[in-house]
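Everything below concerns the one structure shown next.
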Amino acid sequence: MKAAADAKNWTKVIRAVRSPKTGAYTFKESIVHKDKVKDHMGQ
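Each position in the sequence shown, counted from 1, maps to that position plus 334 in the working numbering.
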């Protein structure tokens with residue numbers, strides 16, 4: 335049961351990143367601890 339409780343502390347973050355060369359958007363997915371989401375989005 336502990337694994338299920340630990341899983342709730344993680345969040346999937348999907349960011350749209352624009353290519354400077356083509357202007358097209360790509361999506362970057364990452365799994366981040368819920369306490370670090372704002373730090374990750376600031377990058």
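Cβ coordinates follow ideal geometry from the N, Cα and C atoms, glycine included.
Collapsed DSSP secondary structure at residue i in the structure displayed
i	result
lysine 346	strand
lysine 370	helix
Beta-ladder partner(s) of residue i, from DSSP
i	result
threonine 283	Outside the shown range of the chain (335 to 377) lies residue 283, about which nothing can therefore be said.
Whether residue i touches residue j by CB criterion (8 Å)
i	j	result
valine 347	valine 366	yes
lysine 368	threonine 345	yes
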